[in-house]
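Visitor: Before anything else, here's the structure in question.
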Amino acid sequence: GDSVTQMEGPVTLSEEAFLTINCTYTATGYPSLFWYVQYPGEGLQLLLKATKADDKGSNKGFEATYRKETTSFHLEKGSVQVSDSAVYFCALSDQTGTASKLTFGTGTRLQVTL
Amino acid sequence: DGGITQSPKYLFRKEGQNVTLSCEQNLNHDAMYWYRQDPGQGLRLIYYSQIVNDFQKGDIAEGYSVSREKKESFPLTVTSAQKNPTAFYLCASSSLAGGPGNEQFFGPGTRLTVL
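Pasting the structure below:
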């Protein structure tokens, strides 16, 4: 079945540092790929997505490129802020009928310090 | 404002009791989903529904039940058969148009604790 593997956390960075959170996937067919972010005590919010190979998703300074050859969708940001502290989930979408079931990675907690 | 509401935010239950978690959306989405979140395990799909009066089991449906009598509402019942119900429960919805690239919108979640 489909699966998503992301790097274990927590990741602790100083403000303005470069961020990479690795994500690789296993899927049949051609899934869509997502990064969601969860702030403490809240639900998930979509951060960015890519629906086909070589697409780059971007939002709020975060970027990720859909790499079919390496089955990866790594999240990057050039300069993190304290407000980026959250848990980040990589996910893929498997279309079943017309609904899109999401398969999530285990999440990576990011803590940014001053 | 359009969005998804879940209630209550915190819920405590005694062992052996059934409990129902509410999920309402005003986004006019056809599809709705329930996920369970446990520390270190990400989110796992419990049930999903694509249309009123129809729903399908997800990966961990045992011990749970759902109904979809209205497009806006998708309540989840955690039954006494669920062996380890303490978790954070998240409801989501999405449009069906456009296929697997559609974003799922999430509610704020309900934290269930079994005493």
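Respectively, the protein sequence lines represent chains A and B. Be aware that the first sequence starts at 66, since it is given in the numbering used here, and climbs by one per residue. Be aware that the second sequence starts at -3, since it is given in the numbering used here, and climbs by one per residue. We treat Cβ as the ideally placed atom computed from N, Cα and C, and that holds for glycine. Computed from a predicted structure; not experimentally measured.
#1: Could you check whether the Cβ of E128 (chain A) sits closer than 8 Å to any Cβ belonging to chain B?
#2: Applying a beta-carbon distance threshold of less than 7 Å, which residues of chain A neighbour Q37 (chain B)?
#3: Does E134 (chain A) get closer than 8 Å to chain B when you measure Cβ to Cβ?
#4: Residues of chain E with a CB under 7 Å from the CB of N22 (chain B): which are they?
#5: May I ask you to report which of helix, strand or coil DSSP gives D34 (chain B)?
#6: Could you name the residues of chain A that L86 (chain B) contacts, counting a contact when the two beta carbons are closer than 8 Å?
#7: Could you compute how far the alpha carbon of F138 (chain A) sits from the alpha carbon of K66 (chain B)?
#8: Can you tell me whether DSSP reads V147 (chain A) as helix, strand or coil?
#9: Quick test of your reading: S97 (chain A) and S158 (chain A), contact by CB under 8 Å. State the CB separation rounded to the nearest angstrom.
#10: Under a Cβ-count criterion, where at least 16 other Cβ atoms within 10 Å of its own Cβ denotes burial, should Q46 (chain B) be classed as buried or exposed?
#11: I'd like to confirm the pairing. Which residues does DSSP put opposite T106 (chain B) in its beta bridges?
#12: Would you give the residue range spanned by the beta strand (DSSP E) that Y60 (chain B) belongs to?
#13: Tell me, please, whether the CB atom of P4 (chain B) is closer than 8 Å to any CB atom in chain A?
#14: Less than 8 Å between the CB atoms is what I'm expecting for V62 (chain B) and Y85 (chain B), so what's the real figure, rounded?
#15: When the cut-off is 8 Å and only beta carbons count, does G103 (chain B) lie next to chain A?
Guide: For this structure:
#1: no
#2: Here the neighbours are T171.
#3: no
#4: This model lacks chain E altogether; the protein chains it does include are A and B.
#5: coil
#6: G108, L109
#7: When rounded, the distance between both Cα atoms is 37 Å.
#8: helix
#9: 4 Å
#10: buried
#11: B:Y85
#12: 60 to 62
#13: no
#14: Contact between V62 (chain B) and Y85 (chain B) does not hold, since the beta-carbon distance rounds to 12 Å and is not under 8 Å.
#15: yes
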